[in-house]
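**Student:** The sequence shown begins at 1 in the working numbering and counts up one residue at a time.
Using N, Cα and C, we set each Cβ at its ideal position, and we do this for glycine too.
The structure displayed is predicted, hence computed values, not measured ones.
Input: one structure, supplied below.
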Amino acid sequence: MLDFIYYPVSFILWCWHWVFGHVFGEASAVSWALGIVFLVFTLRAIMYKPTVKQVRSMRKMQEFAPEIKKLQTKYKNDKQKMQQEMQKLQQQHGVNPLGGCLPMLLQIPVFLGLFHVLRSFGNSPTENYFFDGRGVDSYLKADLFGARLGNWITEPAAELARFDVSRGAVIAVAVPLMIAASILTHLTARHSVARQNPESATPQTAMMNKLTLYMFPLGVLIGGFFFPIGLLMYWLSNNGWTLAQQHFVYRKIDAEEEEKKAAVIEKRNALAPKPGQKPAAKKRPAGPAASTASTTPKPAASTEKPAVTPQPPADNGTEIPGLISDRSRSKKSGRKNR
């Protein structure tokens, strides 16, 4: 039914076992253990870019977490309206909440596929998905400190006897792997919680933080009683990769943000006046009166000279101001007689 998952998982495991089998031997437990570890590394390397997008999406969601709180308070009685407004807010910030869950969702079928493939060794002596009879035989004979990779602590005694393995040997190998995987799960969750924005804290996030910090590691510890040793190696290597990748990705994103902040500060300092330099006076915008006066054309200066009133020729006699000379009187009287 899920062969589209089982065959790719078994093929990647077959490839890495073929590589390390040429170094340590096909039936060596080291070859199979390294094959499982590098199966994890291969899948996680494929999912590197989606994981980085997940981290960036979570960082953006933490930035506008106060706005989400406002929407939750404003529309607490209208869930449909609140969902619509939150979707608009996520679109404005370019955040896809499903993108943050994609890497985790992709790991689930891989985990189930490897669990099924490892449990299927021994069901048929001639084949197991991508492995032929020789590969099945080498897996069943791989001895890891007295245990087989396909054994688990709660395995029935008849099955352990078929592989000639004691339960004590299985416990001695499985328990340290369970504890290490549980500790790495806790450290990974702790590192993620420490990066959260305190302003985005809600009762839901507080509950999820407790689950990831304590319940998930406890689940790994309890699940180890029912998981094959090979699957515990998968869990251990997967959590180790996750913790190392978180440190690398977060440092990279922090460095990018510091560069952006430094560029903004440098640009601001470049535009700021230098020490001792007087700030340039800003030109005030012209008022309505000034603008009207500036736009009104001035009258052109007249080039014509003012008319000069001709003065009568000056008499040689002395004229007394206020008295009319006899000559002027005779002229006036002559005009009247005419």
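Does the separation of the CB atoms of residue 110 and residue 129 fall below 8 Å?
**Tutor:** no
**Student:** Give, in chain order, every unbroken run of the alpha helix (DSSP H) that is at least 4 residues long and sits entirely within the stretch 19 to 46.
**Tutor:** 29 to 46
**Student:** Taking the alpha helix (DSSP H) that residue 184 belongs to, which residues open and close that run?
**Tutor:** 167 to 194
**Student:** By the three-class DSSP mapping on this structure, what secondary structure does residue 254 have?
**Tutor:** In the structure shown, residue 254 sits in a helix (DSSP, three-state: H, G or I).
**Student:** On the DSSP bridge assignment, give the partners of residue 124 in chain order.
**Tutor:** 121
**Student:** Check whether the Cβ atoms of residue 218 and residue 181 sit closer than 8 Å, and answer yes or no.
**Tutor:** no
**Student:** Is it the case that the Cβ atoms of residue 177 and residue 222 are separated by a distance below 8 Å?
**Tutor:** no
**Student:** Can you pull the DSSP bridge partners for residue 131?
**Tutor:** Per DSSP, the beta bridge partners of residue 131 are 128.
**Student:** Whole angstroms is fine: what's the gap from residue 135's alpha carbon to residue 11's?
**Tutor:** 12 Å
**Student:** Quick one: using the 10 Å Cβ neighbour count with 16 as the cut-off for buried, is residue 300 buried or exposed?
**Tutor:** Because residue 300 carries a pLDDT of 48, less than 50, the predicted location of this residue cannot be relied on, and the following value inherits that uncertainty. The residue in question, residue 300, is exposed, as its Cβ has fewer than 16 Cβ neighbours within 10 Å.
**Student:** Taking the beta carbon of residue 17 as the centre, do at least 16 other beta carbons fall within 10 Å, making it buried, or is it exposed?
**Tutor:** buried
**Student:** Using the Cα positions of residue 157 and residue 75, report the straight-line distance between them to the nearest angstrom.
**Tutor:** 59 Å
**Student:** If I'm right that residue 38 touches residue 241 with Cβ under 8 Å, what's the distance once you round it to whole angstroms?
**Tutor:** Contact doesn't hold; Cβ gap of about 11 Å is too wide.
**Student:** Need the endpoints of the alpha helix (DSSP H) that residue 216 sits in, please.
**Tutor:** Where residue 216 is concerned, the enclosing alpha helix (DSSP H) stretches over 216 to 223.
**Student:** Where do the N-terminal and C-terminal ends of the alpha helix (DSSP H) with residue 160 fall, by residue?
**Tutor:** Judged by DSSP secondary structure, residue 160 falls within the alpha helix (DSSP H) whose first and last residues are 157 to 162.
**Student:** Cβ atoms of residue 265 and residue 400: under 8 Å apart, would you say?
**Tutor:** Limits of the chain in this structure are 1 at one end and 338 at the other, which puts residue 400 out of reach.
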